[in-house]
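Take a look at the structure set out below.
In our numbering, the protein residues as written are 25 to 217.
Structure below.
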């Protein structure tokens, strides 16, 4: 299912970006909605989406480090692949609530990268050569919006060789994902859980 999208001009991390994210389901919300996030229950995410947006939410130490390392990781990805990517926010033209803050998208939209800069995710990807289950929904959410057939999962940790994992689109999973996200968003809007 190819879904058309448009670019939303927002600076990631800004007040406007936080408000925009709050008004839809982002890629990082997808694993929670699918019940694949061992750190957060769908009911907790539902409460957050129904409440006013938190504009002063401080990232934890690991998230802050990942954000800090991301530009360096993106530069290495560009050097290795030749894909000139920039961080960008996109929103589905078909489903207003379907959104993603991408770590990198080419200008013509033919390649997308999801960057992870954590020691634990790096170790796991290095060991198993696969995207951890708790990120699978996130990457398929991105593929659902972009309509692309694959995504580059780029794992970076300073002092270690970066890992590039191509992730194929899974239309069967995406169909379930869109259905579940649609039901979840109906619950946010109409107060169903």
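Just so you know, even glycine gets a beta-carbon here, dropped at the ideal spot from N, CA and C.
These numbers come from a predicted model, not from an experiment.
Residue pairing of residue 110 in beta bridges, as defined by DSSP: 129.
Taking the C-beta atoms as reference points, residue 204 is found no nearer than 8 angstroms to residue 70. Going by C-alpha positions, residue 64 is about 9 angstroms away from residue 55. Note that the C-beta distance between residue 201 and residue 164 is below 8 angstroms. Separation of residue 121 and residue 47 (C-alpha to C-alpha, rounded to the nearest whole angstrom) is 7 angstroms.
The C-beta distance from residue 178 to residue 124 rounds to 16 angstroms, too long to fall under 8 angstroms, and the pair is not in contact. Rounded to the nearest angstrom, the gap between the Cα atoms of residue 91 and residue 61 is 20 angstroms.
In chain order, 190, 191, 192 and 193 place their CB closer than 7 angstroms to the CB of residue 174, counting only its own chain and leaving out the 5 sequence neighbours on each side. Per DSSP, the unbroken alpha helix (DSSP H) holding residue 208 starts and ends at 195 to 214. Residue state for residue 63 is assigned as coil, using DSSP reduced to three classes.
A distance of 8 angstroms or more separates the beta carbons of residue 30 and residue 103. For residue 189, the three-state secondary structure derived from DSSP is strand. Taking 8 angstroms as the upper bound for CB-CB distance, residue 176 and residue 137 are in contact here, some 4 angstroms apart. Residue 124 has 114 as its beta-bridge partners, per DSSP. Beta-bridge pairing by DSSP links residue 137 to 128 and 176. Closest by C-alpha distance to residue 76, out of 44, 187, 154 and 129, is 44. Taking C-beta atoms as the reference points, residue 111 and residue 36 count as a pair closer than 8 angstroms. If you draw a 10 Å sphere on the C-beta of residue 131, you find fewer than 16 other C-beta atoms in it, and that means exposed. Secondary structure note for residue 166: its alpha helix (DSSP H) is the uninterrupted segment 157 to 170.
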